[in-house]
Amino acid sequence: MQTRREMLARSAKVAGLLAAAGFLPMSALAAWPQAAFDAKNMAEAVKALGGTGAPTESKDVTITGPDIAENGAVVPVGVATSLPGVKRLLLLVEKNPSVLAAVFDVTDSIEPNLNTRVKMGQSSNVFAVAMMNDGKVLYASKEIKVTLGGCGG
Amino acid sequence: MADPMRIRAQAAGDKVTVRVLMSHEMETGQRKDSAGKVIPAWFIQEVTATHNGKPVLVAEWGPSVSKNPFLQFVIKGGKAGDKVAVTWTDNKGDKRTDEATVS
């Protein structure tokens, strides 16, 4: 026979264990920058990642991608820069529910040139942002038109 | 356990181009199933890459990276025979590591 008190204590324990093991959503990785992914624009995302300077447009940062993406669920994009001393490269899609798509912490053994694929809900600007070691924040943008959105069901 | 990643690492000069194809649903948490319930978010949050055991790249991803994510990067100072390993961790705490030899 179980009393109500015992049962409550037990379920609290189970919830604690689940949280500890990382089964509860969003608590799996403490290091994952939740605030940055909640940001609604580029400046907020950069700030959440420890950037101090205001983002400025730069020709030394490049973003590659199609002009028109037929399928918004798979849009190949690349971020690159020719400048040395890059700390982080960010990939942002302006009109997605979560603006920040990906953050890459680059080291000296990596060329600051990365390619991946992102989802886009609708036609929008895509930003490549380079956060430099000296605190500068540089970006490049490109408009990608989407004929079929990738965020809906 | 998730399906294995496909990793291709090719040396050209002293640079190694690594292409990784991960197998993951990357559910955004925005979609609804046929009963109208929201499908909970399930996506890769962190990807780390090592070159001969030395960490070279850490990436944090959001749910807007495509399903079955693709990642390409270039390692400086690599050569054929080197080992490249990639690990991902998703928001449910699942992990997978795969290793490839540079050709």
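Protein chains in written order, with the working numbering: chain U, 1284 to 1436; chain P, 99 to 201. We treat Cβ as the ideally placed atom computed from N, Cα and C, and that holds for glycine. In this text the structure is predicted, and so the values were computed from the model without any measurement.
{"query": "Could you name the residues of the same chain whose beta carbon sits closer than 7 Å to that of alanine 178 of chain P, not counting the 5 residues immediately before and after it, in chain order?", "result": "Ala109, Val200 and Ser201"}
{"query": "Please identify the residue among P:Ser121, P:Leu169, P:Gly151 and P:Gly134 whose C-alpha is closest to the C-alpha of alanine 1385 of chain U.", "result": "P:Leu169"}
{"query": "Measure how close the beta-carbons of valine 92 of chain P and isoleucine 105 of chain P come, nearest whole angstrom, since I'm counting them as under 8 Å.", "result": "This structure cannot settle anything about residue 92 of chain P, because the visible part of chain P is limited to 99 through 201."}
{"query": "When you compare the stretch 1403–1416 of chain U with the stretch 182–194 of chain P, are there three or more beta-carbon pairs, one atom per stretch, that lie closer than 8 Å?", "result": "no"}
{"query": "Using DSSP's beta-bridge definition, name the partner residues of valine 114 of chain P.", "result": "P:Ala109 and P:Ile173"}
{"query": "Give a yes or no on whether 7 Å exceeds the smallest Cβ distance from serine 1365 of chain U to chain P.", "result": "no"}
{"query": "How would you list, in chain order, the residues of chain P whose beta-carbon sits under 8 Å from the beta-carbon of proline 1349 of chain U?", "result": "What proline 1349 of chain U touches in chain P: nothing, since even the nearest Cβ is about 14 Å away."}
{"query": "Can you tell me which of U:Glu1394, U:Ile1393, U:Ile1346 and U:Gly1368 puts its alpha carbon nearest to the alpha carbon of valine 1376 of chain U?", "result": "U:Ile1346"}
{"query": "Sort U:Asn1416, U:Leu1431, U:Gly1418 and U:Asn1324 by Cα distance to leucine 1374 of chain U and report the nearest one.", "result": "U:Asn1324"}
{"query": "Return no unless some Cβ of chain U is closer than 7 Å to the Cβ of glycine 160 of chain P.", "result": "yes"}
{"query": "Only counting the same chain, and skipping five residues up and downstream in sequence, which positions put a Cβ closer than 6 Å to that of asparagine 1354 of chain U?", "result": "Leu1431"}
{"query": "Going by CA-CA distance only, name the one from P:Val163, P:Val154, P:Lys152 and P:Gly134 that's closest to isoleucine 142 of chain P.", "result": "P:Val163"}
{"query": "Which residue marks the beginning of the alpha helix (DSSP H) containing phenylalanine 1320 of chain U, and which one marks its end?", "result": "1317–1321"}
{"query": "When the Cα atoms are used, what is the spatial distance from lysine 1370 of chain U to alanine 1356 of chain U?", "result": "28 Å"}
{"query": "Report the rounded CA-to-CA distance for arginine 1400 of chain U versus valine 1358 of chain U, giving the unit in angstroms.", "result": "5 Å"}
{"query": "Output yes if chain U places a C-beta closer than 7 Å to the C-beta of serine 164 of chain P; else output no.", "result": "yes"}
{"query": "Beta-carbon separation of glycine 175 of chain P and aspartate 112 of chain P under 7 Å?", "result": "yes"}
{"query": "Measure the alpha-carbon distance for alanine 1322 of chain U versus threonine 195 of chain P and round it to whole angstroms.", "result": "30 Å"}
{"query": "For alanine 1326 of chain U, which of helix, strand or coil comes out of DSSP?", "result": "helix"}
{"query": "Determine the closest residue to proline 102 of chain P out of P:Gln128, P:Asp131, P:Pro167 and P:Val172, with distance taken between C-alpha atoms.", "result": "P:Pro167"}
{"query": "Less than 7 Å between the C-beta atoms of leucine 1421 of chain U and valine 1360 of chain U, yes or no?", "result": "no"}
{"query": "Would you mind sorting proline 161 of chain P into buried or exposed? The rule is 16 or more other CB atoms within 10 Å of its CB.", "result": "buried"}
{"query": "Throw me the rounded Cβ distance for the alanine 1328 of chain U and valine 1382 of chain U pair, which I believe falls under 8 Å.", "result": "6 Å"}
{"query": "In the structure shown, what three-state DSSP assignment does aspartate 192 of chain P receive?", "result": "coil"}
{"query": "Quick one: what does DSSP say alanine 1413 of chain U is sitting in, helix, strand or coil?", "result": "strand"}
{"query": "How would you list, in chain order, the residues of chain P whose beta-carbon sits under 8 Å from the beta-carbon of alanine 1384 of chain U?", "result": "Trp159, Gly160, Ser162 and Val163"}
{"query": "Examine chain U for any beta-carbon lying closer than 7 Å to the beta-carbon of leucine 169 of chain P, and answer yes or no.", "result": "yes"}
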